[in-house]
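A.B. asks:
Numbering (the numbering used here), first residue to last: 10 to 253.
As structure tokens, then:
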């Protein structure tokens with residue numbers, strides 16, 4: 010009997026390790042890995058948990074959001090353009106940039122815009138760190154932003170949109186709501202900046218628009234984006250206002 014069992018197991022293992030079986034197993038593993046990787050960079054799919062994407066659109070409002078600041082080449086201009094248009098936005102700040110330009114971070118808050126968090130630095134490594142480690146980093150970053158601006162961030166947008174169960178868990182543990190966007194303008198890509206106006210013009214009531222700070226060419230078109238919103242009877246508010 011023992012020999013028969015051993016023989017049966019041997020036959021089963023032999024079948025498992027046939028070339029065609031290995032191809033199927035390896036192919037399935039690769040497909041799963043690729044799927045997880047793509048989902049990690051596609052927060053709008055919400056595979057790993059809820060992420061704020063847009064409001065209900067009950068009012069003629071959208072939310073302009075700006076990542077990567079504060080930045081001396083963009084923050085003053087953005088604040089000026091928003092002030093002239095009498096609109097508000099949400100600025101998702103990096104703690105290391107706040108450390109470099111505290112006066113600009115304070116100006117953002119003083120002019121009535123929402124302060125949110127983009128991270129301690131612009132890296133995606135929270136996807137592979139423990140929830141506890143990620144939460145500790147986000148909490149320290151939020152503490153620093155609050156200390157400088159007087160405003161505690163309540164939202165977090167991960168750099169590169171890189172999400173995972175660990176990232177979302179870390180955000181929630183740090184008291185932050187994960188936030189993404191329903192309209193990506195791709196203003197940070199020099200090869201795509203020519204289409205920023207057109208992509209922003211697709212926004213309808215309830216949309217959250219993703220834009221960037223920095224020395225890139227996209228900042229120059231924000232004044233046109235604001236003018237287009239106004240012409241279409243829309244106004245930009247903070248994400249907090251949009252989601253309320």
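Note that CB positions come from ideal geometry on N, CA and C, so glycine has one too. Just so you know, these numbers come straight off a predicted model, no measurement behind them.
Where does residue 213 land, buried or exposed, given buried means 16+ other C-beta within 10 angstroms?
C.D. replies: Exposed, by the Cβ-count rule.
A.B. asks: For residue 154 and residue 107, I'd like the C-alpha separation in whole angstroms.
C.D. replies: Using only the alpha carbons, I get a separation of about 7 Å.
A.B. asks: Using the beta-carbon count (16 or more within 10 Å), is residue 85 buried or exposed?
C.D. replies: Classification for residue 85: exposed.
A.B. asks: How would you write the range of the beta strand (DSSP E) that residue 61 sits in, first residue to last?
C.D. replies: That residue, residue 61, is in no beta strand (DSSP E); it is neither H nor E in DSSP.
A.B. asks: By how many angstroms is the C-alpha of residue 217 removed from the C-alpha of residue 75?
C.D. replies: Approximately 11 Å, taken between the alpha carbons.
A.B. asks: Going by DSSP, name the residue or residues bridged to residue 76.
C.D. replies: 101 and 221, per the DSSP bridge assignment.
A.B. asks: Quick one: is the Cβ of residue 239 within less than 7 Å of any heavy atom of the ligand MG?
C.D. replies: Judged by which ligands are present, the structure shown has none, so any question about the ligand MG falls away.
A.B. asks: For the 8 Å Cβ check, are there 3 or more pairs between the stretch 216–235 and the stretch 87–103?
C.D. replies: Yes, the stretch 216–235 is in contact with the stretch 87–103.
A.B. asks: Name the one or two DSSP bridge partners that residue 7 has.
C.D. replies: The first residue shown for the chain is 10 and the last is 253, placing residue 7 beyond what the model contains.
A.B. asks: How about residue 58 and residue 174: do their beta carbons lie closer than 8 Å?
C.D. replies: The answer is yes: Cβ separation under 8 Å.
A.B. asks: What residues are listed by DSSP as bridge partners for residue 244?
C.D. replies: DSSP, once it has assigned bridges, lists 70 as partnering residue 244.
A.B. asks: Just the Cα atoms here: how many angstroms apart are residue 240 and residue 143?
C.D. replies: About 42 Å.
A.B. asks: So for residue 115, helix, strand or coil by DSSP?
C.D. replies: DSSP places residue 115 in helix when its eight states are reduced to three.
A.B. asks: Measuring CA to CA, which of 118, 206 and 149 is closest to residue 185?
C.D. replies: Among 118, 206 and 149, the Cα nearest to that of residue 185 is on 149.
A.B. asks: Using three-state DSSP, classify residue 175 as helix, strand or coil.
C.D. replies: Helix, per DSSP.
A.B. asks: Helix, strand or coil for residue 233? Go by DSSP, reduced to three states.
C.D. replies: Of the three classes helix, strand and coil, the one that applies to residue 233 here is helix, per DSSP.
A.B. asks: Are residue 162 and residue 124 touching if we call contact CB-CB under 8 Å?
C.D. replies: In contact: residue 162 and residue 124 (Cβ atoms closer than 8 Å).
A.B. asks: Rounded to a whole number of angstroms, what is the C-alpha to C-alpha distance between residue 130 and residue 204?
C.D. replies: Each residue's Cα considered, the two are about 28 Å apart.
A.B. asks: Would you list the one or two residues that DSSP bridges to residue 187?
C.D. replies: For residue 187, which the question treats as bridged, DSSP gives the partners 165.
A.B. asks: Confirm, please, whether the CB-CB distance from residue 158 to residue 115 is below 8 Å.
C.D. replies: Yes. Within cutoff.
A.B. asks: Going by C-alpha to C-alpha distance, which of 60, 95 and 78 sits closest to residue 70?
C.D. replies: Ranking the options by Cα distance to residue 70, first place goes to 95.
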